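A.B. asks: If you scroll down you'll find the structure; I have some questions about it.
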Amino acid sequence: MSATADWYRRAAVELAVTSERQVDWALGVTGDPELLALIEALPREHRQPSLLFAAAAWCGAPAADYPRWRDWVVAHWDDVADVARTRRTQTNEVGRCIPLLVALDRIPGPIALLELGAAAGLCLALDRYSYRFDDDPPLGSGEPLLATTTTGVGTAPTRMPEIVWRRGIDLHPLSPTAPDDRRWLEALLPPDRPARLARLRAALAAVADDPPLVVAGDALSALPSVAAVAAEEAPGASLVVASLGTLVYLPPADRAALAPAVREAGGRLVTFEAAGALPGVLERMRGLSAPHPTPFVLALDGEPLAHAAAHGDRISWLSQIGPAGQPELPATGT
Numbered sequence: 001m002s003a004t005a006d007w008y009r010r011a012a013v014e015l016a017v018t019s020e021r022q023v024d025w026a027l028g029v030t031g032d033p034e035l036l037a038l039i040e041a042l043p044r045e046h047r048q049p050s051l052l053f054a055a056a057a058w059c060g061a062p063a064a065d066y067p068r069w070r071d072w073v074v075a076h077w078d079d080v081a082d083v084a085r086t087r088r089t090q091t092n093e094v095g096r097c098i099p100l101l102v103a104l105d106r107i108p109g110p111i112a113l114l115e116l117g118a119a120a121g122l123c124l125a126l127d128r129y130s131y132r133f134d135d136d137p138p139l140g141s142g143e144p145l146l147a148t149t150t151t152g153v154g155t156a157p158t159r160m161p162e163i164v165w166r167r168g169i170d171l172h173p174l175s176p177t178a179p180d181d182r183r184w185l186e187a188l189l190p191p192d193r194p195a196r197l198a199r200l201r202a203a204l205a206a207v208a209d210d211p212p213l214v215v216a217g218d219a220l221s222a223l224p225s226v227a228a229v230a231a232e233e234a235p236g237a238s239l240v241v242a243s244l245g246t247l248v249y250l251p252p253a254d255r256a257a258l259a260p261a262v263r264e265a266g267g268r269l270v271t272f273e274a275a276g277a278l279p280g281v282l283e284r285m286r287g288l289s290a291p292h293p294t295p296f297v298l299a300l301d302g303e304p305l306a307h308a309a310a311h312g313d314r315i316s317w318l319s320q321i322g323p324a325g326q327p328e329l330p331a332t333g334t
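Each residue of the sequence shown is one higher than the last, beginning at 1 in UniProt numbering.
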């Protein structure tokens, strides 16, 4: 099996909880020598399954079963390949505001929020949406309403953060008011998840009048200068640097350098990433347990807080295992 076919087979496993339609496409590609050859002619970083699916959707591919989808993609390959070469995955999933809110609840305000890989900056506007943890009354009053269920021993937020300054960094910022950028954000979503599309559109509407600023730049190299702007424009605010599914796109050396760079800037680091993406997080998870572990881990300054579903709709608190094998109540003041 080629490396590309193996990549798409792994993607089918990862997509099982997010899109049955994309699982069908990914598995179809693994056994399709003609389409694999076309994909392998792309630069490696542009062969990513999610990017291919989005490029095809952007060009008008039907959200159909694999044979119909595949025939359309092959027939329109030049257009699909052109989009795949010039675009990148920038899924601005506002559901990830839920774990971000959990982490911000543990940081004294006011807060200057800086997000890496911010795309259109939708997660920077988390205080414009509303949230429901289990059956608790909603926090906030805006749309969309982001709901989650929790398991394990932990404390859900009971207040909204006081964000007095916000800025994003992205290699290619998107604008929530630009029609083509909005259409690309929609193309990045699975076609069989209408609730996610409705949530995206609600978030775009919520920020349309006052979009968060996202500046062009490399996450690591631009961080010091943007952090300096935060210190100048929001004196006295706690600088919080957030990475929500971004570290996987950075080379290992940059991942290792991120936490020291944030400390050097005087900030706190919130990560919602795969457990092994940030050095040290996996090691600090030893002795911790959650009722429903997931591949994603929420951490504050490298200290794991919880597992969560990729789109924030489930949170499972991490706790130390006591002598009797039962979770212990976590320490406060994290």
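Even glycine gets a Cβ: it sits at the ideal position worked out from N, Cα and C.
No experiment lies behind these values; they were computed from the predicted model shown.
#1: Is the number of C-beta pairs between the segment 84-101 and the segment 300-311 that are closer than 8 Å three or more?
#2: Using the Cα positions of Ser225 and Arg196, report the straight-line distance between them to the nearest angstrom.
#3: Please report the straight-line C-alpha distance between Pro212 and Arg10, rounded to a whole angstrom.
#4: Please name the residue in Asp79, Leu223, Pro293 and Leu124 whose C-alpha comes closest to that of Trp165.
#5: Could you say which of Met285, Arg263 and Ala219 lies nearest to Asp254 if we only look at CA atoms?
#6: On the CB-based measure, 16 or more other CB atoms within 10 Å of its CB, does Ser175 come out buried or exposed?
#7: Are there three or more Cβ pairs, one per stretch, closer than 8 Å when the segment 129-138 is compared with the segment 263-271?
#8: When DSSP labels each residue in this structure, what does His46 get in the three-state scheme?
#9: Using CA coordinates, which residue listed in Asp127, His46 and Leu113 is at the minimum distance from Val207?
#10: Cα separation between Trp317 and Gln22?
#11: Is the segment 66-83 close to the segment 143-162, with three or more CB pairs under 8 Å?
#12: Cα separation between Ala275 and His307?
#13: Jot down the residue ranges of each uninterrupted alpha helix (DSSP H) in the segment 17-95, minimum 4 residues, whole runs only, in chain order.
#14: Can you give me the start and stop residues for the alpha helix (DSSP H) that Ala265 sits inside?
#15: Give, in chain order, every unbroken run of the beta strand (DSSP E) that is at least 3 residues long and sits entirely within the segment 134-169.
#16: Pull up the distance between the alpha-carbon of Ala16 and that of Arg87, whole angstroms please.
#17: Which residues does DSSP list as the beta-bridge partners of Arg314?
#18: Who are the Cβ neighbours of Ala256 in its own chain at under 8 Å, not counting the five residues just before and after it?
#19: Would you mind listing the beta strand (DSSP E) stretches within the segment 244-309 that are 3+ residues and don't spill past its ends, in chain order?
#20: Measuring CA to CA, which of Ala63, Leu52 and Ala147 is closest to Ile315?
#21: What is the residue span of the alpha helix (DSSP H) that Ala118 lies within?
#22: Please report the distance separating the alpha-carbon of Tyr66 from that of Arg106.
C.D. replies: In terms of the structure at hand:
#1: Taking one beta carbon from each stretch, the segment 84-101 and the segment 300-311 have 3 or more pairs nearer than 8 Å; the two touch.
#2: For Ser225 and Arg196, the distance between alpha carbons rounds to 34 Å.
#3: When rounded, the separation of the alpha-carbon atoms in Pro212 and Arg10 is 35 Å.
#4: Nearest Cα to Trp165 within the set Asp79, Leu223, Pro293 and Leu124: Leu124.
#5: Checking every option, the nearest Cα to that of Asp254 belongs to Ala219.
#6: Ser175 should be labelled exposed.
#7: Segments in contact, no.
#8: DSSP, reduced to helix, strand and coil, places His46 within a helical segment of the structure shown.
#9: Comparing C-alpha distances from Val207 to each of Asp127, His46 and Leu113 shows the shortest one belongs to Asp127.
#10: Rounded to whole angstroms, Trp317 and Gln22 show a C-alpha spacing of 30 Å.
#11: Touching, no.
#12: Near 9 Å, if we compare the C-alpha coordinates of His307 and Ala275.
#13: Segments of the alpha helix (DSSP H) lying fully in the segment 17-95: 20-30, 33-40, 49-59, 66-75 and 77-86.
#14: That residue, Ala265, is in no alpha helix (DSSP H); it is neither H nor E in DSSP.
#15: The segment 134-169 contains these whole beta strand (DSSP E) runs: 145-151.
#16: Those two C-alpha atoms are separated by around 24 Å.
#17: Paired residue(s): Thr149.
#18: Cβ neighbours of Ala256 beyond the five flanking positions: Pro279.
#19: Here the runs fully enclosed are 268-274, 296-300 and 303-308.
#20: Of Ala63, Leu52 and Ala147, the residue nearest in Cα terms is Ala147.
#21: No alpha helix (DSSP H) contains Ala118, which DSSP labels as neither H nor E.
#22: Approximately 46 Å between the Cα atoms of the pair.
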